[in-house]
Amino acid sequence: MPSNIEIKQLSHTYKEGYQALNNINLSFDRGLYGLLGPNGAGKSTLMKILCTLIMPTEGQVRICGNDVTTDPIAVRRHLGYLPQEFGAWRNYRVEEVLDILARFSGINDNKTRRNAITRVLDEVGLGEIAARKVKKLSGGMLRRLGIAQALIHEPKVIIVDEPTVGLDPEERIRFRNVLSNLGLDRTVILSTHIVADLGGACNAIALLDAGKVVFQGPPSELVLAAAGRVFQSSITETELDEYEKKYDLVSTSLSSDKIIVRGIANKSGIPKNAEQVIEPTLEESYLAFMTSDLLPINHSTEESICN
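Residue 309 is where the sequence shown ends in the numbering used here, and the numbering goes up by one at each step.
Structure (structure tokens):
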């Protein structure tokens, strides 16, 4: 049975000659997935192709069996999208916004539309504020309203761009929990350059760099691959400048008269007298992959990240 999203030998080159994607092979089934990479890695181009906003120059992308190039209308029926910047009519009530968007989605029967609005508001935890005006919503509530509009037509695939931008820590956690629950019976893709957006709930992640997939697999595999590439060292203040020049430092903290630093090994390895971090965090593991030449790049183009 095919996956909800299948990407095969996908490349995209813009008219100016810039190649944003280079031979991408990925597939996603039901679950929560992270698409992670620095700005300029190709994430936005891939999102635009998945959402049928631009057509690929090479390769094939299918969503729920429908080709994004030859049948974009069918693709959109299965797709919900929350962009990084989501705006709604500020003087309208939450339920009014969803009613309008449900009509745009082709839900013309009044009872069906009311039921759909109730369902999605409950799903994202906004059922109690259906009558509140959009301008009275917090940033986190507005993001959850964005998810509600993406769910209104019951898509099998949800794509979220920079999911927690502008949210405070409490709202970030609440929003991640909503997305995690949605992944129980749908495909949810989070495109971000912030490792913390993924939390620990992702089934798998794909790392993009310079238009290529450099890692694909469960977060635990990325952490395992980075073991030994992350160090911790206790140094003096005068040594800090040298460390900052030689290594990518992840964190610094004070302890008595010493500075505790955690960082990524360089081509020569870890510093003398430093300790290897056996279980690095996901963020440290990501940085080890993206800033170090030491880790092997996964060149597999056939393996699905969801299997």
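C-beta atoms are modelled at their ideal positions from N, C-alpha and C, and glycine is treated no differently.
is_contact[residue i, chain B] using C-beta, thresh 9 Å
i: K10; result: No chain B appears in this structure, which consists of one protein chain only.
Neighbourhood of residue i by C-beta, 8 Å cutoff - its chain only, sequence neighbours within 5 removed
i: V70; result: I51, L52, T54, M57, P58, V63, R64, V77
i: S257; result: S236
i: A104; result: R115, A118, I119, I154, H155
i: E164; result: Q86, S193, T194, H195, I196, D199
i: M224; result: Checking the displayed sequence, the identity of residue 224 turns out to be Leu instead of Met. Excluding residues within five positions, the ones whose Cβ falls inside 8 Å are I207, L209, F217, L284, S287, Y288, F291.
Distance between residue j and residue i (C-alpha atoms, nearest Å)
i: G148; j: P171; result: 19 Å
i: H301; j: R264; result: The predicted position of H301 is uncertain, since its pLDDT is 33 and thus under 50; no value can be drawn from it.
i: N6; j: E246; result: 44 Å
i: V279; j: P74; result: 47 Å
i: L12; j: N25; result: 5 Å
i: L144; j: V136; result: 7 Å
i: D124; j: L192; result: 21 Å
i: G213; j: G61; result: 14 Å
i: G82; j: R188; result: 11 Å
i: M292; j: D211; result: 8 Å
i: K269; j: S255; result: 25 Å
Assigned secondary structure, residue i (DSSP; H/G/I helix, E/B strand, else coil)
i: Y249; result: coil
i: N309; result: Reliability fails at N309, whose pLDDT of 48 lies under 50, so the model's placement of it is uncertain and no value is given.
i: D69; result: strand
i: G265; result: strand
i: P4; result: coil
i: F30; result: strand
i: A207; result: Sequence inspection shows Ile at residue 207; the Ala mentioned does not correspond to that position. Looking at I207 - three-state DSSP - the assignment turns out to be strand.
i: A22; result: strand
i: L128; result: coil
i: T240; result: helix
i: V215; result: strand
i: L136; result: Looking at the sequence shown, residue 136 is not Leu but Val. In this structure, V136 counts as helix in the three-state DSSP scheme.
Nearest residue (CA-CA) to residue i, options the options
i: K274; options: N25, G36, I237; result: I237
i: G39; options: Y83, Q218, R32; result: Q218
i: G36; options: L84, V162, D111, S140; result: V162
i: L241; options: V252, I261, R92; result: Rather than Leu, the amino acid found at residue 241 in this sequence is Glu. Checked all of V252, I261, R92; the closest Cα to E241 is I261.
i: Y94; options: C66, R121, R134; result: R134
i: N205; options: P221, V215, D211, T293; result: P221
i: S253; options: E286, V225, L84, L224; result: E286
i: M49; options: P282, L84, E98, R79; result: L84
Own chain residues within Cβ distance below 7 Å of residue i, not counting five before or after
i: S182; result: L34, A203
i: V126; result: R146, I149, A150, V180
i: D250; result: G265, I266, L289, T293
Limits of the alpha helix (DSSP H) - the one that residue i falls within
i: I175; result: 171–184
i: K45; result: 45–52
i: V225; result: 221–228
i: Y288; result: 284–293
i: I56; result: Careful: I56 lies outside any alpha helix (DSSP H) and carries neither H nor E.
i: G202; result: Premise fails: G202 is in no alpha helix (DSSP H) and is neither H nor E.
i: G36; result: G36 -> not in any alpha helix (DSSP H); beta strand (DSSP E) instead, spanning 33–38.
i: P101; result: Just to set this straight, residue 101 is Asp in the shown sequence, not Pro. Start and end: 96–106.
i: A76; result: 74–79
Residue i, enclosing beta strand (DSSP E) - first and last residue
i: A276; result: Premise fails: A276 is in no beta strand (DSSP E) and is neither H nor E.
i: E8; result: 7–15
i: F233; result: 232–237
i: N112; result: Element bounds for N112: not the beta strand (DSSP E) but the alpha helix (DSSP H), 112–125.
i: L153; result: Per DSSP, L153 belongs to no beta strand (DSSP E); it is in the alpha helix (DSSP H), 141–153.
i: W160; result: It should be noted that the sequence gives Ile, not Trp, for residue 160. Element bounds for I160: 159–163.
i: I191; result: 189–194
i: G89; result: Note, G89: premise wrong, no beta strand (DSSP E); not H, not E.
Close beta carbons around residue i, own chain, < 6 Å, minus the five adjacent residues each side
i: Y288; result: V197
i: E8; result: S29, R64
i: T47; result: H14, A22, L23
i: Q234; result: R264, E277, V279
i: A132; result: V96, E97, L123
Cβ-heavy atom distance, residue i to the ligand ZN, below 8 Å
i: E172; result: Annotation note on the ligand ZN: not contained in the displayed structure, which lists no ligands.
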